[in-house]
Every structure is written in structure tokens, then in C-alpha cells.
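S.K.:
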Amino acid sequence: MFLAPVHALPDPSCNTHIVSGNPEYPPLLWRDQQRPGYLIGAVPALLKEITEPLGVNVEVRDIGSWARVQRMARQGDIDMVAGAFITSERIGYMDYLLPPITHLPTAVWVPKGREFVYRHWPDLMGKRGSTLINNSFGQNFDRYAEENLLIEGVRSIEQSFQMALVDRVDYVLYEVLQGGVKLEYLGIADQFVSLSPPVSREGLFFTFSKASPCNSFELRERIAESLYELVNTGRVDELIRRYKDLYTGAG
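One rule links them: number in our numbering = place in the sequence shown (from 1) + 308.
Structure representation (C-alpha cells):
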């Protein structure tokens, strides 16, 4: 079997790396109203800060739902995913870059006045939940949810929150940061509360599709090196604050 050398020249088609991610993820990623077909947010901004000094051009495109992004990464139709949790299934078709961009707690969101006792996962049994199709909240919770919980997958998180408001579901599963920002943007933040404790707290990673011709060990190492510096200097937190203000209209 032939193994390509680590420092092999990149594929000629790799002048531009096609990247995508969850378009329902403000302030980390969301659809750019000024440039239809692209994603904006703290994560695309961070990726460009990393790749531009390396001479690597990236385009963070809006290619549809989070489920479709994962399918295209599996097929090699995109080169990178800008933000994914680790699952054993995804490890099969994506290479994860260390360190994680950030760590994200996921909450049980419920309409005010319809709170219920929640201390650990079994308290969700028998209740109706909703979240994005193919969303993951960590390997352990995903396995537990598949075996024990009723969680409906939908295409947009706005739909999940609206379903909760009209009592079609009892709770919405979504990250604390993104859920709070999305509710603020929708003008219904005062109608929801997040229950404690979080159901999980997971690292969010940049990944390369294993099927991408642009995926090389050398490039992954160079990106990871720059990422490590930016994470440790607090740059990621700065970008999250900036894009949160931008999304909610405060900046």
C-alpha cells in the first residue's frame, strides 16, 4: 500500500478550502445576511485569523442544515467543519484538531411557568423534547437520549422554541450560549428559562473531512499550533463577545 509523505504537495484543487458548519449557532456561526450563501460569526472569524497567515484561503459557506453539513463532510464535498462535538460516528469520517475552540454547556430550556424538577437525565423521561436534527450533546448523553428519551429533531432551533411555547414539546435542548443569544434575537428571552445543571459540557472542535483532498497532517498541525495560541491568549472569548453584540444588535 502506498502512503503519501507528510509533506506532499497539496492537491491543486486546494487553493480554496470549502468550510461549513451549523447555521443555527449564533454567535459562533449564523447565516450572513450581507453575503447570502456564507456564514458569519466568531468561529469563521477565528478560522480566518488562523489560516490567512498560513496562506490558506477558506470560504465558510452556508450549505443548508446541520444534518446536511455532516453528510457533505462524510462524502468529502466540503473540506472542513467549523465547530463539531466529538462522537464515535463522526470520528469515523472527520479528523479533529486540538485544542477545542471552546467548551459549551447544553441546557434544558423550558417556557417560564412550565418549569419541572430537573437534576439529572432520568428527570427528562416521559417528557417531550426538541432540538436540531442530528444534533449531538456528547457521546454519553446521545446514547442515553436514544435509549430513553423522546426528542424530536427539527430543521431550525426557532421551530423548537416555538413548539415549546405552544406546548407541543415540554423542553428544548440547546447550548446555553447559543440558546440565550437566539432567544434574545427573537425577542422571547423573557419567556424561557434554562434549568440547572447542564445536561453536558462538550468541547467544540475544528475538523477536516477524511475524504477531503486538502486534508494533510502538516496543515492540521499548523492550524492546531495557531489555534492553541489564540485559545490561550483569550482571543476566542473576545471574538465570542464581539459577535454576540453584533448578532443581538448591540454592536
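Just so you know, even glycine gets a beta-carbon here, dropped at the ideal spot from N, CA and C. Just so it is clear, the structure is predicted and the values come from calculations on it, not from any experiment.
1) Please report how far the alpha carbon of residue 552 lies from the alpha carbon of residue 353, in whole angstroms.
2) Pull up the distance between the alpha-carbon of residue 396 and that of residue 447, whole angstroms please.
3) On the CB-based measure, 16 or more other CB atoms within 10 Å of its CB, does residue 325 come out buried or exposed?
4) Residues in its own chain within less than 6 Å of residue 253 by CB, not counting five upstream and five downstream?
5) Ignoring anything shorter than 3 residues or poking outside the region 416-470, list the beta strand (DSSP E) runs there in chain order.
6) To the nearest angstrom, how far is it from the Cα of residue 398 to the Cα of residue 444?
7) Quick check on the burial criterion: 16 or more other C-beta atoms within 10 angstroms. Buried or exposed for residue 521?
8) Using a 10 Å radius around the Cβ and a threshold of 16 neighbouring Cβ atoms, would you call residue 388 buried or exposed?
9) In this structure, what does DSSP give as the bridge partners for residue 390?
10) Are the beta-carbon atoms of residue 351 and residue 362 separated by less than 8 Å?
11) Measure the C-alpha to C-alpha separation of residue 493 and residue 465 and round it to an integer number of angstroms.
12) Can you list, in chain order, the residues of its chain with a C-beta nearer than 8 Å to that of residue 322? Leave out the 5 residues immediately preceding and following it.
13) Do residue 328 and residue 390 come within 8 Å of each other at the CB atom, strictly closer than that value?
14) Give the C-beta separation of residue 489 and residue 413 to the nearest angstrom, bearing in mind that I take them to be a contact with Cβ-Cβ under 8 Å.
15) If I measure Cβ to Cβ from residue 499 and keep anything under 7 Å in the same chain, skipping five residues before and after, which residues do I get?
M.R.: Reading it off the structure:
1) For the purposes of this step, residue 552 is taken as residue 244 along the sequence shown, with counting starting at 1. For the purposes of this step, residue 353 is taken as residue 45 along the sequence shown, with counting starting at 1. Looking at the two C-alpha atoms, the distance is approximately 13 Å.
2) For this step, residue 396 is matched to residue 88 along the sequence shown. For this step, residue 447 is matched to residue 139 along the sequence shown. It is roughly 7 Å from the alpha-carbon of residue 396 to the alpha-carbon of residue 447.
3) Counting from 1 along the sequence shown, the entry for residue 325 is found at position 17. Burial call: buried.
4) Shown here, the chain extends from 309 to 559; a query on residue 253 therefore has no answer.
5) Listed in chain order, the complete beta strand (DSSP E) runs (minimum 3 residues) inside the region 416-470 are 436-440, 458-462.
6) Stepping through the sequence shown from its first residue, residue 398 is reached at position 90. Stepping through the sequence shown from its first residue, residue 444 is reached at position 136. So the two alpha carbons sit approximately 10 Å from each other.
7) Within the sequence shown, residue 521 is the residue found at index 213, counting from 1. With fewer than 16 other Cβ atoms within 10 Å, it is exposed.
8) By 1-based counting over the sequence shown, the position of residue 388 is 80. The residue in question, residue 388, is buried, as its Cβ has 16 or more Cβ neighbours within 10 Å.
9) As a first step, residue 390 is located in the sequence shown; it is residue number 82 there, counting from the start. DSSP output for residue 390 lists 514 as bridge partner(s).
10) Sequence index remark: in the sequence shown, residue 351 carries index 43 (1-based). Sequence index remark: in the sequence shown, residue 362 carries index 54 (1-based). Contact: no.
11) Taking the first residue of the sequence shown as position 1, residue 493 is located at position 185. Taking the first residue of the sequence shown as position 1, residue 465 is located at position 157. For residue 493 and residue 465, the distance between alpha carbons rounds to 12 Å.
12) Taking the sequence shown and counting its residues from 1, the one referred to as residue 322 is at position 14. Excluding residues within five positions, the ones whose Cβ falls inside 8 Å are 387, 521, 522.
13) Position 82 of the sequence shown holds residue 390. Position 20 of the sequence shown holds residue 328. Result yes, Cβ atoms of residue 390 and residue 328 sit closer than 8 Å.
14) Within the sequence shown, the letter at position 181 stands for residue 489. Within the sequence shown, the letter at position 105 stands for residue 413. That pair is no contact at about 14 Å.
15) Here residue 499 is taken as the residue at index 191 of the sequence shown, counted from 1. For residue 499, where only same-chain residues beyond five positions count, the Cβ hits under 7 Å are 419, 420, 473.
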